[in-house]
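FYI, in this note's numbering the residues of the sequence shown are 115 to 455. Shown next, in structure tokens, is the structure this report addresses.
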Amino acid sequence: MPDILPPVSSPDTEYPAAEVYFAAPARDRYWLHVLLFLLTIFTTLVMGARMQFNYEHNLPPLYLGDDSLDVFPISWAVHHLAMGIPFSSCLLLILLAHEMGHYLCCRYYGVSATLPFFVPFPSLIGTLGAFIRIRSPIRSRPALFDIGIAGPIAGFVVAIVVMVGSLLRTKVVAVMPFSEVQLGYPLIFGLALRGLKGAGLMPSGTGSGILHPTAIAAWAGMFATSLNLLPGGQLDGGHIVFALSPRRHRIISRLTILALIPMSFRWVGWLLWAVLLRITGMRHPIVQEWPAVTGKRRWVAVFGVVILVLTFIPTPIANAGSMQVLHQVLDKVKQTIGWHR
């Protein structure tokens, strides 16, 4: 049942777009896009080179060294940094596909939007992702729906291709050193592994599997997709919910926040996401009520839910729950106080 009755009951009625007035958008700062992209290439190359070193020496993908091995055991030579190209190119391709899905859909509907901004960051994967800025109103719920879901679908498709190709390069070793950074994996990784093993395409033998760096790129792409599809606030999932049912957007956003808080006991990052959703606000920019999202788009919405289920990772990083992190912080504080004494 629709949220409100349409103004006219005829199924052949066309609803013209409401007139919307807005200031002319500012010019694109192409130099900033290029600069951020180049910096992100560098940071992802650095982390990718470390992962490639680990892969070639039968170490866990995110193994960061110990007393006998530096975090970066390779010199800062160009040919060494080039070891990170497979990881960097796959990760950036997934992120680019996601953002271009949004961007091209904006262009189709005449919505002003910037090119993607990539965010370099000294994290385990070398980036915080990418985003575009939408600079003019979205004039209809179908347009909002299409723009919101185009990015996750595009990124998901590319991530699947990367995932399958990278899992085929998994190595099996008898003994593997312990790594403090242990990743959790989405449902789709398990399904892909079962399918590839059933087809006889995976290496056989007993021992521990070592993922190729591009598999970590696929993992990051899947994780980013699930985060964006969380149904709340100004995330892609929030836009999709608002397009489907404006009246239910606020309550669903609140329920999402309430669900993330207890999940922080599994991974402290969920608490940060709950806070971010609350800070960005429960309100959504006004979009013309009619026409509503109907027909095939509702089936696409179901596909979006399937993507969320397949890519969602309840515990992205093991041993990083809120209570565990709190105990670690308290232990460090006690050690510091004891040292000063």
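We treat Cβ as the ideally placed atom computed from N, Cα and C, and that holds for glycine.
Item to complete: Counting only the same chain and skipping the five closest in sequence on each side, list residues whose C-beta sits under 8 angstroms from that of Pro236.
Response: Thr157
Practice prompt. Note down the Cα distance separating Lys285 from Leu307, rounded to an integer number of angstroms.
Written response: 13 angstroms
Worksheet item: Between the stretch 315-322 and the stretch 348-367, are three or more C-beta pairs nearer than 8 angstroms?
Response: no
Worksheet entry | Nearest candidate by alpha-carbon position, reference Ala388, set Val271, Gly347 and His194 | Gly347
Practice prompt. Give a yes or no on whether the C-beta atoms belonging to Thr370 and Leu390 are separated by under 7 angstroms.
Written response: no
Practice prompt. Evaluate His326 with the Cβ neighbour count: other Cβ atoms within 10 Å of its Cβ, from every protein chain shown; 16 or more gives buried, anything less gives exposed.
Written response: buried
Item to complete: Let me know the secondary structure DSSP gives Ile203 once reduced to three states.
Response: Per the sequence presented here, residue 203 reads as Ser, with Ile not at that position. Note: Ser203 maps to helix in three-state DSSP.
Discussion item. Can you give me the C-alpha to C-alpha distance between Thr425 and Ile302, rounded to a whole angstrom?
Written reply: 6 angstroms
Worksheet entry | Paired residues, beta bridge with Leu149 - DSSP | Looking at the DSSP assignment, Leu149 forms no beta bridge with any residue, so it has no partner.
Worksheet entry | Cβ distance (whole Å) where Val272 is taken to contact Ala338 below 8 angstroms | Between Ala338 and Val272 the Cβ distance is about 11 angstroms, and since that is not below 8 angstroms, they are no contact.
Worksheet item: Taking the Cβ atom as the reference point for each residue, do Ser340 and Ser378 lie within a distance shorter than 7 angstroms?
Response: no
Item to complete: Identify every residue that forms a DSSP beta bridge with Val233.
Response: Gly243
Worksheet item: Heavy atom of the ligand SAH less than 6 angstroms from the Cβ of Trp333, yes or no?
Response: The model depicted lacks the ligand SAH and carries no ligand whatsoever.
Item to complete: Could you give the DSSP three-state label for Val414: helix, strand or coil?
Response: helix
Worksheet item: Any idea what DSSP makes of Ala338, helix, strand or coil?
Response: helix
Worksheet item: Curious, which full-length alpha helix (DSSP H) runs of at least 4 residues does the stretch 278-324 contain?
Response: 301-312
Discussion item. Is it the case that the stretch 211-229 contacts the stretch 237-256, given that we only count it when at least three CB pairs across the two stretches are under 8 angstroms?
Written reply: yes
Worksheet item: Going by beta carbon distance, what residues of the same chain come within less than 7 angstroms of Tyr135, once the five residues before and after it are set aside?
Response: Legend: pLDDT at Tyr135 = 46, less than 50; position of this residue unreliable, value from coordinates given subsequently. Once the five neighbours on either side are set aside, Tyr135 has no close Cβ partner at all.
Discussion item. Assuming Val401 is part of the alpha helix (DSSP H), what are its boundary residues?
Written reply: Element bounds for Val401: n/a, residue is neither H nor E.
Item to complete: Identify whether Phe426 lies in helix, strand or coil by the three-state DSSP scheme.
Response: coil
Worksheet item: If you check the beta carbons only, do Gly215 and Ala257 fall under 7 angstroms apart?
Response: no
Worksheet item: Are Val401 and Val439 close, meaning C-beta to C-beta below 7 angstroms?
Response: no
Fill in: Spatial neighbours of Met165 in its chain, beta-carbon cut-off 8 angstroms, leaving aside the 5 residues before and after
Pro175, Leu176, Gly198, Phe201, Pro327 and Ile330
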